[in-house]
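Remarks on the structure that follows.
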Amino acid sequence: MEMIGLIAAMPLESKAFLRCLKEWRHTALGQFRGIRFQIMDRNCLLVTSGMGIKRAMDATLTLLAGSSPHLLVSFGIAGAVNDDLHIGDVIVSGNTCLLDKGLAGQFRSLASLSEAAWDAAAQVLQPDDARLVPGTAITTHGSQFVMQGLEEMPNPILEMETAGIAQVAAEAGIPLVSIRSVSDGPQAPIPLDLEAILDENDNLRIGRMLMMVLRRPQIILQSRQMLQNSRKAADHAARALFAVLSQPAYIRSP
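Numbering follows my numbering, in which position 42 of the sequence shown is assigned residue number 42; successive positions increment by one, without gaps.
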């Protein structure tokens, strides 16, 4: 039976996808939280990795150690680089790279959706006036800025995991799909400097975050709006992904 492995960084993203399912069950997956379920006749295993490229790679390796997926999926929320993307738009990335200290690393190609899967995902977004568009997943260590030139790529988005998952997938010879929805961007920026409040292992520096809030109390109100946008984006990414995986053929042949 066909097997699919899914990786989300945050419980917000995983729970949004579980709301699309009728049945699922928890499973032991090393240090990570695993969920098993079926879509059509496919066995699926979802792992919530935590934020950051290292956690995403560790979670993917753990998933592969306990299963043999035919496909991996990186999904969740992301930030838009350009202002022509709106909150809730969903991006299917054709390639990904790691942006480290302003320098772009190796670009890796990602799997493309079949025409039927693309149409199904686009259709579920239409009632919310959200779009499904192709793009580029730029993985960062929390940076909300990109070097000149990257913003000229088709619909670039900023996130913190896909390039690491892509590296593991490439080494294992498994195709990877990336489906992310816009939760922030030039029109609705994140009120916190993520790069400043995360350490080298993408752990939250509580002290620095509290100092930012004390200096700018308006961050509290801005954070409430950010949470609403994140929930909307997570819901759109989850529903688009469920529509994709519900198709008989969901990716194009290499």
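Quick reminder that beta carbons are idealized off the backbone N, C-alpha and C, glycines included. Remember, it's a predicted structure, so these values are computed and weren't measured experimentally.
For residue i, three-class secondary structure by DSSP
i      : result
Thr140 : coil
Arg180 : strand
Ala111 : coil
Glu255 : The chain is shown from 1 up to 254; residue 255 falls before or after that span and cannot be answered.
Ala8   : strand
Gly185 : strand
Arg19  : coil
Ile165 : helix
Ser230 : helix
Ser246 : coil
Pro127 : helix
Sub-7 angstroms separation of residue i and residue j beta-carbons
i      : j      : result
Ala16  : Gly185 : no
Asp153 : Thr136 : Residue identity differs from the one stated: residue 153 is Met in this sequence, not Asp. For Met153 and Thr136, yes; Cβs fall inside 7 angstroms.
Ala116 : Leu132 : no
Sequence-distant residues of its chain with Cβ nearer than 6 angstroms to residue i (five each side left out)
i      : result
Leu21  : Phe37
Leu71  : Ile4 and Pro175
Pro217 : Note on Pro217: pLDDT 49, under 50, position unreliable in the model; no value is reported.
Asn43  : Met1 and Met3
7 angstroms CB neighbourhood of residue i in its chain, flanking five on each side removed
i      : result
Ser67  : Met3, Gly5 and Leu45
Asn229 : Ile87, Ser183, Asp184 and Ala188
Pro11  : Thr48
Ala240 : Val90, Ala121, Val124, Leu125, Leu132 and Ile179
Residues that residue i bridges to, as DSSP identifies them
i      : result
Val133 : Ile91
Ile251 : Leu113
Met3   : Asn43
Cut-off 8 angstroms between Cβ atoms - residues of its own chain near residue i, not counting five sequence neighbours on either side
i      : result
Ser49  : Ile7, Ala8, Ala9, Phe32, Arg55, Ala56, Asp58, Ala59, Thr60 and Glu161
Ser246 : Ile39, Met40 and Ala120
Ile251 : Leu71, Ala111, Ser112, Leu113, Ser114, Ala117, Pro175 and Val177
Exercise for the section: Counting only runs of 3+ residues fully inside the segment 22-109, write out the beta strand (DSSP E) ranges in chain order. Expected result: Correct list: 25-29, 32-39, 42-48, 71-80 and 90-100.
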